[in-house]
Every structure is written in C-alpha cells, then in structure tokens.
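Novice: In order, the protein sequences belong to chains A and B. Residue numbering for the first sequence follows the working numbering, starting at 125 and increasing by one per position. Residue numbering for the second sequence follows the working numbering, starting at 125 and increasing by one per position. Quick reminder that beta carbons are idealized off the backbone N, C-alpha and C, glycines included.
Number of protein chains: 2
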Amino acid sequence: MMKLMPCLKIVSTNLRFTMRSHSYFDSLGSARIMAQILDGKALAKEIKDELKIKINNWVTLGNKTPTLRCIIVGDDPASHTYVRNKIQAAKDVGISAETMKYNSTLIQEDLLKIIDGLNKDKEVDGILVQLPLPGDMDERKICNAVAPEKDVDGFHIINVGQLCLDMPTIVPATALAVIEMLKRFKIDTFGRNAVVVGRSKNVGMPIAMMLHSDMRHDSGLGMDATVTICHRYTPAEQLEKLCRNADIVITATGIPKLIKANMIKPGATVIDVGITRIVDEQGNTKLVGDVDFDEVSKIAGNITPVPGGVGPMTVAMLMHNTFQAAQKLREAEIEN
Amino acid sequence: MMKLMPCLKIVSTNLRFTMRSHSYFDSLGSARIMAQILDGKALAKEIKDELKIKINNWVTLGNKTPTLRCIIVGDDPASHTYVRNKIQAAKDVGISAETMKYNSTLIQEDLLKIIDGLNKDKEVDGILVQLPLPGDMDERKICNAVAPEKDVDGFHIINVGQLCLDMPTIVPATALAVIEMLKRFKIDTFGRNAVVVGRSKNVGMPIAMMLHSDMRHDSGLGMDATVTICHRYTPAEQLEKLCRNADIVITATGIPKLIKANMIKPGATVIDVGITRIVDEQGNTKLVGDVDFDEVSKIAGNITPVPGGVGPMTVAMLMHNTFQAAQKLREAEIEN
Chain A
125 MMKLMPCLKI
135 VSTNLRFTMR
145 SHSYFDSLGS
155 ARIMAQILDG
165 KALAKEIKDE
175 LKIKINNWVT
185 LGNKTPTLRC
195 IIVGDDPASH
205 TYVRNKIQAA
215 KDVGISAETM
225 KYNSTLIQED
235 LLKIIDGLNK
245 DKEVDGILVQ
255 LPLPGDMDER
265 KICNAVAPEK
275 DVDGFHIINV
285 GQLCLDMPTI
295 VPATALAVIE
305 MLKRFKIDTF
315 GRNAVVVGRS
325 KNVGMPIAMM
335 LHSDMRHDSG
345 LGMDATVTIC
355 HRYTPAEQLE
365 KLCRNADIVI
375 TATGIPKLIK
385 ANMIKPGATV
395 IDVGITRIVD
405 EQGNTKLVGD
415 VDFDEVSKIA
425 GNITPVPGGV
435 GPMTVAMLMH
445 NTFQAAQKLR
455 EAEIEN
Chain B
125 MMKLMPCLKI
135 VSTNLRFTMR
145 SHSYFDSLGS
155 ARIMAQILDG
165 KALAKEIKDE
175 LKIKINNWVT
185 LGNKTPTLRC
195 IIVGDDPASH
205 TYVRNKIQAA
215 KDVGISAETM
225 KYNSTLIQED
235 LLKIIDGLNK
245 DKEVDGILVQ
255 LPLPGDMDER
265 KICNAVAPEK
275 DVDGFHIINV
285 GQLCLDMPTI
295 VPATALAVIE
305 MLKRFKIDTF
315 GRNAVVVGRS
325 KNVGMPIAMM
335 LHSDMRHDSG
345 LGMDATVTIC
355 HRYTPAEQLE
365 KLCRNADIVI
375 TATGIPKLIK
385 ANMIKPGATV
395 IDVGITRIVD
405 EQGNTKLVGD
415 VDFDEVSKIA
425 GNITPVPGGV
435 GPMTVAMLMH
445 NTFQAAQKLR
455 EAEIEN
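#1: Could you give the first and the last residue of the continuous alpha helix (DSSP H) run that contains glutamate 247/A?
#2: Closest by CA to glutamine 212/A, which one among Glu455/A, Ala440/A, Asp234/A and Glu459/A?
#3: Using the beta-carbon of each residue, which ones in chain A are nearer than 8 Å to arginine 323/B?
#4: Can you find at least 3 beta carbon pairs, one from the region 321 to 336 of chain B and one from the region 363 to 383 of chain B, that sit closer than 8 Å?
#5: State yes or no: is the beta carbon of glutamine 451/A nearer than 8 Å to at least one beta carbon in chain B?
#6: Considering only the alpha carbon of each residue, which of Ala456/B, Phe447/B and Leu257/B lies closest to valine 183/B?
#7: Please list the partners that leucine 289/B has in chain A, where partner means a Cβ-to-Cβ separation under 8 Å.
#8: Which runs of the beta strand (DSSP E) spanning at least 3 residues fall entirely within the region 354 to 436 of chain B, listed in chain order?
#9: Are the CB atoms of threonine 298/A and threonine 438/A within a distance shorter than 8 Å?
#10: How would you list, in chain order, the residues of chain B whose beta-carbon sits under 8 Å from the beta-carbon of threonine 377/A?
#11: Can you round the beta-carbon distance between isoleucine 395/B and threonine 428/B to whole angstroms, since I take them to be within the 8 Å contact cut?
#12: Does DSSP classify phenylalanine 149/B as helix, strand or coil?
#13: So proline 359/B contacts chain A; which residues on that side make the cut at Cβ distance below 7 Å?
#14: Could you pull out every residue in the same chain whose Cβ sits closer than 8 Å to the Cβ of aspartate 262/A, ignoring the five residues on either side in sequence?
#15: Give me the Cβ distance between aspartate 216/A and isoleucine 251/A, rounded to the nearest whole Å; I'm assuming they're in contact under 8 Å.
#16: List the residues that DSSP assigns as beta-bridge partners of arginine 193/B.
#17: How about the region 297 to 312 of chain B and the region 258 to 272 of chain B: do they share at least three Cβ pairs that are nearer than 8 Å?
#18: Please report the straight-line C-alpha distance between serine 337/A and valine 284/A, rounded to a whole angstrom.
#19: What are the residues that DSSP puts in a beta bridge with alanine 166/B?
#20: Compare the C-alpha of isoleucine 238/A against each of Ile282/A, Asp414/A and Ile196/A and name the closest.
#21: Which residue wins for smallest C-alpha separation from aspartate 290/A, given the options Asn243/B, Ser324/B, Leu382/B and Asp414/B?
#22: Leaving aside the five residues before and after threonine 358/B along the sequence, list all residues of the same chain whose C-beta is less than 7 Å from its C-beta, in chain order.
#23: For methionine 329/A, which residues in chain B fall below 9 Å Cβ to Cβ?
#24: Could you tell me whether any Cβ in chain B is nearer than 8 Å to the Cβ of threonine 393/A?
#25: Between the region 429 to 448 of chain B and chain A, which residues of the former have CB atoms less than 8 Å from a CB of the latter, in chain order?
#26: Report all residues from its chain with a CB closer than 6 Å to the CB of isoleucine 353/B; omit the five preceding and five following residues, and keep chain order.
#27: Alpha helix (DSSP H) containing asparagine 283/B: first to last residue?
#28: Apply the 10 Å Cβ neighbour rule to proline 190/B and answer buried if 16 or more other Cβ atoms are within range, or exposed otherwise.
#29: Looking at the structure shown, is valine 183/B part of a helix, part of a strand, or coil, going by DSSP?
#30: Can you list the residues of chain A that aspartate 348/B reaches, using a CB-CB cut of under 8 Å?
#31: If we count the other Cβ atoms within 10 Å of its Cβ and call it buried at 16 or more, is glutamate 459/A buried or exposed?
#32: Could you work out which residue in Tyr226/A, Glu419/A, Ala214/A and Ile281/A is closest to aspartate 249/A when comparing CA atoms only?
#33: Put isoleucine 161/A into one of helix, strand or coil per three-state DSSP.
#34: Run through the DSSP bridge pairs and tell me what alanine 471/B is partnered with.
#35: Taking 8 Å as the threshold (C-beta atoms), are alanine 159/A and serine 421/A in contact?
#36: Can you name the residues that DSSP bridges to asparagine 445/A?
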C-alpha cells in the first residue's frame, strides 16, 4: 500500500478564490480531505499592507500620525518580546509607537498617574498596558484606568459592555483576529455550529460573543453561529461529542494536543489560538498550539498553524484598533 | 390498558429535601418519569418573605427605607400591568415605591433630565425605566443614563460589562431569576450541558454568561456549565440535537411549543422564560411559554410552569436588586 503524505496547501486570502481543498483516494479507495492551511502570517501582512496605505492617506490628508504607547512593567522576557513585535508592526504600518518601560518596583498609584497623563495627552491615540502586571497590581483597575476610546486592547469594562451589547467598540485583538480570519477566509458561520474551547475574558468569551450575535447589529461583528462554550469542567467525552458536531472549532486553552483528530468533523474549520512553548524529544524548544496539527490537518477542511496562524493576526488587529482609535478621536475632536 | 395521567407534583424549595421525582411503570412495563414542577410563584414568595425580614431589620438598624422609582412612558397596557405588579411587590417587602407616569409625548431630553434628577436624589436607591419606550427614543441611551449603582434592571453598559467580566454587579432580573431557581432547587450545573435558546441581551445572553462562568469568581454567579447558545438561525434539527444532549434547557424566545418532548433528554431540567398571550380553541385568552408543557413534563426531570414559573421570580429578583442597591449606596456613603 502506497503511503501518502498529507498534502497541505498554504494559502493566503489573495488566493482564496482559486484555492480549494482537494480530496484524493488512497490505495484502499477511501477519500481523504487535505486541510487548507489558513495562513495567518500572510493574511496579517495583507492587512498591515492595507493599513499602511490607509494610514498614509490619512496623514496625507492633514491628520496627525496615529500614535501608540506601550507600557511595560518589570522584565518578563516574553512580555518584552511581545511588546517589541507590536512596536515593530506599528512602525511597519506608519503608526508612531513608543515603549514606556518601568521597573517592577513601580507602584500602582504611579502607574495610574502615568496612564492618566497618556489619557490627557492629545498626541496619544492608543494606550496598551502589557499584561501580566507584576506583583499585587489590580489588573482590572489598571485596564479600567485607560480611557475607553484609547483602550486599543479592548479590556476596559465599557468596551467589554459595548461588545456584549453588539455595539461598535474596540474588540480585544486576539478575539478580533479570529473573527477577521473567519471573514477573510470566507468561512461560513451563519447558522453553523461553532465550539469555543476556553472561556477567558480576553479571548474565549469575546469570540463566543461575536460568533453567536446577530449580523444585523451595529457592531458589524455578529456571525449568527450556534455557539457552545467549553472549558476545563466540560467532561472529555462531551468536549469530543460537541466538537465533532461543530463546523468550526476555536480553541484557546494552552493545553497542547487537547484537540485530536477524532474530535473533528471531516471538513470542519479549526482555529488554534493556543501558544505553548514546549521542549521536543530532540531537546529543541518550539511553539505549539492546542491542536494535534499533524493528525487534525488530515481531517479538517481548514486549519490555522501554530506559529503563523492567529499570533501574527493578533498584532495586525492591534494596529487596526490603534488606527480605529485615532480616527474616532479625530471625529470626536471635529464634532466638539 | 389502563390510561395513566401524568402525575405532576408542585413543590417549592421548602419541600425540596423531601420531594423527589417518582417513576412508575405503565401497563406495558416502560418506566415513566414525572417532572417535578419548579414552582416559581411559591419560591418568589419565599424570597420576598426573606427580603421582608431583611429589609425590616435593615430599617430597624436606623437605615432609611429602600426606595424605588418606576418610570413609565405612554399607555401600553401590558407595561402598566408589569409596573403595577412591581410596585405591589415592593410594598409587600417594605420597599418604598412610586410610579412616575408620563404621556407618550414626553421627549427624550426631558426623560434624561428626569433620570438625572433621580440619580442625584439621595432618597432614591433604585430607578427602573419600563421598556419598551415609545416612538423614537433611544433605549440604549436611556438605560445608560441611569446611574449604574441605581440601575436595578442591570441594563447599564457598566453593569453588563461587570457581569460579562464575572464581577459583582446588578444582574437583569429575569436572568437572575433563572440562576436563582437553579440554585434554590439545587439543580446541578457543574460540568453539565446547558442549552440557552434565545440570545436577547436582557435574558438569553446574561443567562449564558453566568451559566458558563467560573464559580470561583467574585460575582458568585458562575455555574461552570458547558453552554450552547441557540437562536433563530439555529437549524431545527440542530436545536433538537443540542437540546437532547442537554441536562438543562432554558428557553426565552416567545415561540409557543418550540420545545417539544422529543427534544428533551429524560430527566433534564427545563426552564421556560417565554410568555406569550394566545387565544385557545375555546376563545379564551391564556399565557403560554415556549415549552409544550403537557408533553415535556412527561419526559423532563424538572420543569417550570407558565404562568407561575420564571415570571413571579423576576419580580422577586427585582426587589432583591433594589435592596442590594440600597445596601451598596449606604456602604459607599459610609466610606465617603
């Protein structure tokens, strides 16, 4: 019997009208579906290229350059890497961005004062406080201290309230990245079954909120799917059953290989938000998602890779949020 | 063959430790389960009796009487009935309540001024604006005009944001009524499958939010269930399949007999939030829920009736919200 390798096609949206999933028959005659890989890296580049043009036009029209401030407290290396990536992306698209670094000795009261200064600074459009914050800082209080209209992370309680009421708002970048991928890759969600695995307030919850909401509402973010929210207390056999009944599975748990091939309906779309750093058998460090990619990609219709899936899209959507904030602030300025 | 009538037991929580569902065998030997009826009317009375004692103690300790103002605009008869019921319940528990009636000619700007006056009035603890509002009023703007700490309907965007972030908040009364019924009737939700049918922002959405959330969080409202949100675009066969896999089905659609016996897992709990006024074959007007009660009650383990289920509980939870608001306002007053 001839051994066939799964045939994975990397596509970006530029190719989406020509690319389709193929099936072929192995020597026993059973049809196999090869997943289309939803290339987040390529899509993120497309979105950043679009943004670059839009921002350039915006500035050419006489508006000030959109401006982002990233606050980072302490010396967590992963957080510093994330912030560097964001600053680089901002520069790539024409957003003026600066990191404001503080020692972990910074006290909450002083951080609140710094944020207040940025809130009042008319030059600044977007404020991002990199989480997690060290020690005993109250992250919720910090998130709520950022002016909602400059809150490019979408973590402020008013932005969360707006999202949950289907109102126009700033959406947390990772959640928006998932929705944008579904839209740009033209994954049908209307009346489809979607399962969201993970109920975090920054990722799982807002994704579930947009996925189940009405498309006709003001936010333009509704997807009209039937949505099931699974989490750590969902029994394994129910997780399997619910996922197998889903047209779309979105997972954001940080548990490697949680989602296996037997849990996926043939042809379903699998979006992997998980990112975990593991050491493989050869002693090499690598990033993996929640999905057993090698096996699931033989069953799924569409699948995001890790790395190169939702991760780069998150950074692109943060830039989208920053430009959106700049535009809204300018509109408000003109109105007053 | 002897014809057996379904044996329905009306229980309130006072009886919950002694009452159990019974099964019996019909003449063909097949087991039948008779649903326990979750008597919302009796439970609402218990809760109001508890509240009456608490409020009496509160006032005896020297605090002012909790005070509620219900604003009603226009002459919709159903709205006037609802408001009368709320005022009566308030009086029953020792809350000082008044209706403020306005003609439908009232303009939005004047309504905003009235609300602002109540926000500033230290005598007033709870403000309720009966919906729907007539004509071209912006209900979202009106809901957001009520001070969040006096918003006993839980419709203010900050209260919605707090709910969705598992923070202590004021929860919309109908949604809270459903959660309170599950708790008081000791329906197990941890790791269970729940289906919420209907995605309204005042009922379905907040119920789904509490049901899927973490029990350990500050709000104390999390239920740790796996939750599926179904709605008008969920295909009928998927609605049936998902409901049949659920331990708990909560429906809030206003579509009579949407939920039929073949959609319910034997022994499941069915909570019916729907209330529709229909005219029966004899020409009599009656209230019905979303559930085909006569048939479903032969299959379900627990079921709420309509009327007498969630409806009376909603009014009781509104009183709970009003007393909670009064207590929080007093705490804040002492702190300042």
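Specialist: Concretely, from the data shown:
#1: Note, glutamate 247/A: premise wrong, no alpha helix (DSSP H); not H, not E.
#2: Ala440/A
#3: His336, Ser337 and Asp338
#4: yes
#5: no
#6: Phe447/B
#7: Arg264, Ile281, Val284 and Lys325
#8: 372 to 375, 393 to 396, 400 to 403 and 409 to 412
#9: yes
#10: Chain B residues near threonine 377/A: none, gap ~14 Å exceeds 8 Å.
#11: 5 Å
#12: Residue placement at phenylalanine 149/B cannot be trusted, given a pLDDT of 42 that sits under 50; what the coordinates show is reported in the next sentence. Strand, per DSSP.
#13: Gly315
#14: Gln232
#15: Not quite, the Cβ-Cβ distance comes to about 20 Å (not below 8 Å), so this is no contact.
#16: Glu222/B and Ile251/B
#17: no
#18: 14 Å
#19: Alanine 166/B pairs with nothing; no bridge assigned.
#20: Ile196/A
#21: Ser324/B
#22: none
#23: Cys288, Leu289, Met333, His336 and Ser337
#24: no
#25: none
#26: Val320, Arg323 and Ala332
#27: 281 to 288
#28: buried
#29: helix
#30: His355 and Tyr357
#31: exposed
#32: Ala214/A
#33: strand
#34: Outside the shown range of chain B, which is 125 to 460, sits residue 471/B, and nothing can be said about it.
#35: yes
#36: According to DSSP, asparagine 445/A bridges with nothing at all.
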